[in-house]
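For reference, the structure is listed below as structure tokens.
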Amino acid sequence: MKKIVLLLNIGTPRNPKASSVACYLSEFLSDKFVVNINAFFRFILVHFIIIPFRTLKSTKRYKKIWTKEGAPLLLHHQNFCASLQTILPENYLVYGAMRYGTSSIPDTLKQIDFKNVSELIVVPLYPQYASATSGSSIYKVVSSLEKLGLNCNVKIVPQFFNEPTYIDAFSKHIQSYQPQNFDFVLFSYHALPLSQIEADGNSNKIEVNYISSCQKSTELLASALNLPKSKYGTAFQSHISKNWTKPFTEFVLKELAQEGKRKVLIVSPSFVADCLETTLELGVEYRDVFLTNGGKEFVLMDSLNDNPEWVKALAEIVLKQ
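When we follow numbering that gives the first Met the number 0, the leftmost residue of the sequence shown carries the number 0, and every step to the right adds one.
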């Protein structure tokens, strides 16, 4: 019997044109798991306020990272899926899908031949669970299966921030950058609204909330690297308002530079593949923050992407299901 492995990531516009970016933003921000307010007010907010004012800026940002081959996140995702397929047993078939935009979950499920399939193993590639990411992706898979009339045994990997294989692969990758030679190692995670994290905690969907899982990720990685507590910290990037998880990465970088930390290594354990938030936000925008405030050397670690150690790590996680 076959086992299907469905790997999920956030998504990307089909191309870096304004019309495509607007469609992507509309789908993303219309998700009740992302903007958790009354449906009517969400529609007004998204279509009459956010999209008209944000599309042009977002389009310019996507154009800065787009390659001749396409969106970096999608390319890394496809490469990782292909690499994972090569090391899993023959009865495991790997598929990749995106929650929003191109390569959607419904479209990918339609491509799968479910004859002689014993299991569908769903792996949202977000190490730390949050309803806006993992929760939304899982919901979309389950609801799409129902709409398509597909019946199968579904197993879900909701998070893997504390899986030894993930920590081992990530810490080895960090070690290749010689973190001991930096004044400070900053672990930067995607920020989320505090209200969402509180709601997730009240729902009992997961044992460890998002903030705690991020902090634990940092501690596990720092321990594996033998970093002293004075040489590393946790921060959160991509915030929209002040009521999101803190401290904010750009403010921490500014403080580090002003405190005399000249050489900083940035690591992003919530992103297993490079994307807009790593390549542009961290690699360009936050680099400028650090350097303009007195920092001298800013090094951004590449995400795991299709790193062989990471491919092996996820294979072990899948085979445990």
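Note that the Cβ used here is the ideal one computed from N, Cα and C, for glycine as well.
Between which two residues does the alpha helix (DSSP H) containing residue i stretch?
i, result
"Q77", "P71 to I86"
"Y165", "P163 to Q174"
"Q236", "Element bounds for Q236: not the alpha helix (DSSP H) but the beta strand (DSSP E), Y231 to Q236."
I'd like to know whether the C-beta atoms of residue i and residue j end up nearer to each other than 8 angstroms.
i, j, result
"L191", "N242", "no"
"G10", "Y99", "yes"
"V122", "V266", "no"
"I104", "S143", "yes"
"I86", "V271", "no"
"E249", "V288", "yes"
"L185", "L279", "no"
"L73", "T54", "no"
Shorter than 7 angstroms, the distance from the beta carbon of residue i to the closest heavy atom of the ligand FAD, or not?
i, result
"V310", "Looking at this structure, you won't find the ligand FAD or any other ligand, since it has none at all."
How far does the beta strand (DSSP E) with residue i in it extend, from its first residue to its last?
i, result
"Y99", "Y91 to G100"
"V122", "V116 to P123"
"Y61", "Unbroken run through Y61 is the alpha helix (DSSP H), I50 to I64; no beta strand (DSSP E)."
"S18", "That residue, S18, is in no beta strand (DSSP E); its alpha helix (DSSP H) goes A17 to L28."
"F186", "F183 to H189"
Comparing C-alpha positions only, which one of the options sits nearest to residue i?
i, options, result
"Q236", "S269, Q195 and Y125", "S269"
"L28", "I137, K59, I48 and R13", "I48"
"K63", "K262, D301, L275 and Q320", "L275"
"F169", "K253, N306 and K262", "N306"
"R286", "A81, Q214 and A256", "A256"
"D106", "K319, T66, L7 and P227", "L7"
"E258", "V93, P227, L108 and N292", "N292"
"L119", "S102, V141 and S130", "V141"
"V20", "K59, Y94, F297 and I43", "K59"
"F297", "A314, P12 and K262", "K262"
List the residues that DSSP assigns as beta-bridge partners of residue i.
i, result
"E296", "K262"
"V4", "V93 and I120"
Does any C-beta atom of chain D lie closer than 8 angstroms to the C-beta of residue i?
i, result
"S240", "The structure shown has no chain D; it contains just one protein chain."
Query raised in the report: Looking at C-beta atoms only, is the number of pairs between the segment 214-233 and the segment 147-155 that lie closer than 8 angstroms three or more?
Result: Counting Cβ pairs under 8 angstroms, fewer than three are found: no touch.
Query raised in the report: Are three or more beta carbon pairs between the segment 0-7 and the segment 108-119 nearer than 8 angstroms?
Result: yes
Query - Meets three-Cβ-pair contact criterion under 8 angstroms: the segment 207-217 and the segment 50-68 - result: no
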